[in-house]
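Okay, structure first, notes after.
Number of protein chains: 2
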Amino acid sequence: MSIRIGIYGYGNLGRGVESAIAQNPDMQAVGVFTRRDPKSVKTVTGIPVYSADEAQAFQDKIDVMILCGGSATDLPEQTPYLAQYFNVVDSFDTHAKIPVQLQKVDAAAKGANKTAAISVGWDPGLFSLLRLYGESVLSEGNTYTFWGKGVSQGHSDAVRRVEGVANAKQYTVPVESALCAVRAGENPVLSTRQKHTRECFVVAKEGADKARIEREIKTMPNYFDEYDTTVYFISQEEFDEEHGGLPHGGVVIRSGVTGAEKEHKHCIEYSLKLDSNAEFTASVLVAYARAVYRLHGEGVFGCKTVLDIPPIYLSAASRAETIAKLL
Amino acid sequence: MSIRIGIYGYGNLGRGVESAIAQNPDMQAVGVFTRRDPKSVKTVTGIPVYSADEAQAFQDKIDVMILCGGSATDLPEQTPYLAQYFNVVDSFDTHAKIPVQLQKVDAAAKGANKTAAISVGWDPGLFSLLRLYGESVLSEGNTYTFWGKGVSQGHSDAVRRVEGVANAKQYTVPVESALCAVRAGENPVLSTRQKHTRECFVVAKEGADKARIEREIKTMPNYFDEYDTTVYFISQEEFDEEHGGLPHGGVVIRSGVTGAEKEHKHCIEYSLKLDSNAEFTASVLVAYARAVYRLHGEGVFGCKTVLDIPPIYLSAASRAETIAKLL
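Line by line, the protein sequences give chains A and D.
Residue numbers for the first sequence follow the working numbering, so the first one is 1 and each next one is one higher.
Residue numbers for the second sequence follow the working numbering, so the first one is 328 and each next one is one higher.
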């Protein structure tokens with residue numbers, strides 16, 4: 001019997017979840033739940049679309065609900081709410097607010113004997129796991145996380161809000177010399193500016209003052225003022241051809257020492273190169289939906305994170321098969 | 328109260344465990360247990376040395392026994408035996424025999440309400456974890472493991488057994504073009520020969536027939552005949568200067584696709600660069616000793632693997648701290 005998944009929210013992430021379910025034979029997508037008019041939404045694989053208000057009626061038809069809304073306003077409300085009725089997985093990624101989200105979802109899930117996993121994806125998510133494994137096995141050392149090269153949607157949005165900008169995409173780029181120093185075990189202390197640069201590809205509206213646009217971007221507080229930013233003005237045609245996708249990625253490096261005299265250096269490096277940020281995140285969500293389903297079946301209730309969940313629960317195969325094949 | 332660790336076996340790995348314990352403030356080394364005459368063994372940090380026969384008397388003084396013997400003959404006997412008296416961790420690395428070792432240790436540990444973890448290290452170990460995470464989150468794709476550049480002790484031993492060889496070190500080296508093809512998402516089918524080359528640095532005995540030595544190495548069944556091998560004859564001086572260490576490492580790559588048309592490629596890469604194979608393995612053993620100690624404290628008995636153990640159990644900090652800092 002396959003694991004029945006509901007998709008709550010249907011943007012890039014929701015569509016990615018739908019595709020990922022189609023790649024996992026032990027799962028089936030029951031439907032999409034949207035706050036828009038269901039008739040206005042067409043799904044990629046033809047699964048049905050329901051109003052978000054109808055979700056509760058699906059309690060017996062869905063094993064795990066995957067939440068595909070945003071972290072700013074959707075998930076802080078939706079995940080604790082839906083955890084009263086469903087096993088849930090979300091990709092809540094506001095790092096500083098994770099402990100609060102965890103507490104709220106845990107209370108809701110425990111009260112309903114449901115199982116939840118929050119902050120699932122790649123950062124938070126796989127990168128968090130790798131930070132934990134790295135720090136645990138090399139207890140003396142330093143951990144570095146670099147993001148990119150990839151599109152930051154938040155920064156792209158910020159650039160688009162500048163007057164005179166018709167379209168824009170912002171790439172976060174790790175500084176190669178910083179990466180090299182970290183890999184060499186030099187344990188550099190790196191400022192924000194020394195770790196990443198920002199590249200903006202901007203389509204200006206006709207007649208707009210490009211010098212002003214560039215200045216406003218580069219000095220924008222929080223988003224750009226602490227970084228070395230390069231602004232490239234390009235045509236809409238070039239934009240469409242070269243900057244249509246949402247690639248991303250990054251690297252976690254743990255550098256540490258061992259030995260009686262701490263004479264031996266070690267470097268652990270984990271990197272992601274992703275053509276589609278949303279689809280990769282969706283694939284991680286789907287794997288953790290499997291884990292949540294299994295934990296629930298074993299009577300483990302409450303809210304978990306990727307750090308809590310035994311890796312073997314992610315595998316579609318049995319424990320014996322997985323150990324024989326992968327260990 | 329710190330976690331009290333016993334070290335069973337005292338070669339490179341045992342010394343590595345001793346050093347690693349000194350790097351973890353929540354742990355203390357109770358002593359070394361050896362089959363040699365204890366008086367003949369001097370420990371790095373001055374911890375006491377006991378006869379292996381005395382181990383049983385330490386049941387109440389040791390929380391976890393870390394086994395530091397070899398996989399060929401030591402661990403298949405020692406781990407199931409000691410699991411009757413102690414929580415145990417080993418680095419059993421004969422991949423094909425893991426299911427049998429798991430079964431034997433599980434029976435012994437369960438019978439005594441003890442907790443065990445076997446096949447802990449980097450392969451099997453961290454690499455196994457990364458294979459599992461990779462295959463779970465990218466369900467359509469291929470997994471590749473490359474080893475090196477690093478010293479294979481088994482192959483170095485094999486070369487030393489060739490007549491006329493005074494000393495030798497064998498490095499396993501991944502083929503760069505194969506790595507590049509994998510990283511590019513080309514999903515190549517790679518033969519043994521296409522994945523790794525072998526480099527032997529040999530000190531020949533005076534008057535030995537170097538051409539014969541080279542031929543015997545290159546055609547040695549199982550060890551070298553399926554590889555492209557290069558043999559370098561060097562002086563004992565150069566050997567001592569350049570080839571004294573036991574560096575190792577490797578890389579696990581998961582390459583996969585997502586999307587409605589499977590149009591997006593993704594590449595997950597995990598690499599290790601280790602100055603000391605034994606010390607790094609020892610550091611992993613020590614982290615998992617912490618996990619075993621905690622699992623035992625929660626009444627989870629039997630034999631586990633790295634795939635079974637929740638990552639959070641490896642952290643010296645509390646769950647709340649670990650989530651706040653690393654998630």
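Don't be surprised by glycine CBs; every beta carbon is placed ideally from N, CA and C.
Query                                                                                                                          : Result
Pairwise C-alpha distance: A/Val17 and A/Ala282                                                                                : 5 Å
Cβ contact (3+ pairs, closer than 8 Å) linking the stretch 264-282 of chain A and the stretch 248-256 of chain A               : yes
Sheet register partners of D/Lys600 (DSSP bridge)                                                                              : A/Cys267, D/Gly576
Touching by the beta-carbon criterion (3+ pairs, under 8 Å), the stretch 524-541 of chain D and the stretch 443-454 of chain D : no
CB contact below 8 Å: A/Val284 versus chain D                                                                                  : yes
Within-8 Å CB hit, D/Gly586 to chain A                                                                                         : yes
Cβ-based neighbour list, A/Ala29, same chain, cut-off 6 Å, excluding 5 preceding and 5 following                               : Ile5, Glu18, Ile21, Ile47
Within chain D, partners of A/His264 - CB distance below 7 Å                                                                   : Asp602, Ser603, Glu606
Residues near A/Phe224 by beta carbon distance below 7 Å, same chain, minus five either side                                   : Arg198, Ile217, Lys218
D/Gly452 in three-state terms, based on DSSP                                                                                   : strand
Check whether A/Tyr133 and D/Leu634 have beta carbons under 8 Å apart                                                          : no
Residues that A/Asp345 contacts on chain D, provided the C-beta gap is smaller than 7 Å                                        : Because chain A is modelled from 1 through 327, residue 345 of chain A falls outside the range shown and cannot be assessed.
The stretch 39-56 of chain A touching the stretch 309-326 of chain A, judged by at least three CB pairs closer than 8 Å        : no
Endpoints, the beta strand (DSSP E) within which D/Thr499 is located                                                           : 492-501
Paired residues, beta bridge with D/His422 - DSSP                                                                              : D/His422 pairs with nothing; no bridge assigned.
Best match in D/Pro403, D/Ser455, D/Ala605, D/Lys522 for proximity to D/Val427 [C-alpha to C-alpha]                            : D/Pro403
C-beta contact flag for A/Ser276 and D/His591 at 8 Å                                                                           : yes
Under 8 Å from the C-beta of D/Ser418: neighbouring residues of chain A                                                        : The contacting residues do not exist; D/Ser418 stays about 12 Å from chain A at best.
D/Asn351: contacting residues in chain A (beta-carbon distance under 7 Å)                                                      : Ser139
Within chain D, the residues that A/Glu269 reaches when beta carbons sit closer than 7 Å                                       : Ser598
Touch test, the stretch 622-631 of chain D against the stretch 55-65 of chain A, Cβ-Cβ under 8 Å, three pairs minimum          : no
Separation of A/Cys200 from A/Tyr232, as counted between CA atoms                                                              : 6 Å
Contacts of A/Leu132 in chain D (Cβ-Cβ under 8 Å)                                                                              : Pro638, Ile639, Leu641, Ser642, Thr649, Leu653
Min CB distance A/Val41 to chain D below 8 Å                                                                                   : no
Beta-carbon separation (whole angstroms), A/Ile3 vs A/Val64, contact threshold 8 Å                                             : 7 Å
Spatial neighbours of A/Thr94 in its chain, beta-carbon cut-off 6 Å, leaving aside the 5 residues before and after             : Ser71
D/Asp364 versus A/Asn142: straight-line alpha-carbon distance, rounded                                                         : 40 Å
CB-CB length for D/Tyr498 against D/Arg520, believed under 8 Å                                                                 : With 8 Å as the limit, D/Tyr498 and D/Arg520 do not qualify as a contact, their Cβ atoms being about 16 Å apart.
Assigned secondary structure, D/Leu394 (DSSP; H/G/I helix, E/B strand, else coil)                                              : strand
Contact list for A/Thr229 against chain C, beta-carbon separation under 7 Å                                                    : Given the protein chain composition of this structure (A and D), no chain C is represented.
Beta-carbon proximity check, A/Val173 vs A/Leu246, cutoff 8 Å                                                                  : no
Chain A contact residues for D/Leu429, given Cβ-Cβ distances below 8 Å                                                         : Ile323
Check: D/Val416 C-beta below 7 Å from any heavy atom of the ligand ADP                                                         : You won't find the ligand ADP in this model; it holds no ligand whatsoever.
Cβ-Cβ separation, A/Leu102 to A/His266 (assumed contact under 8 Å), whole Å                                                    : Not confirmed; about 32 Å, so no contact.
Contacts that A/Ser136 makes with chain D (C-beta to C-beta distance below 7 Å)                                                : Ala614, Leu641, Ser642
Short CB-CB distance (under 8 Å) between D/Thr632 and chain A                                                                  : yes
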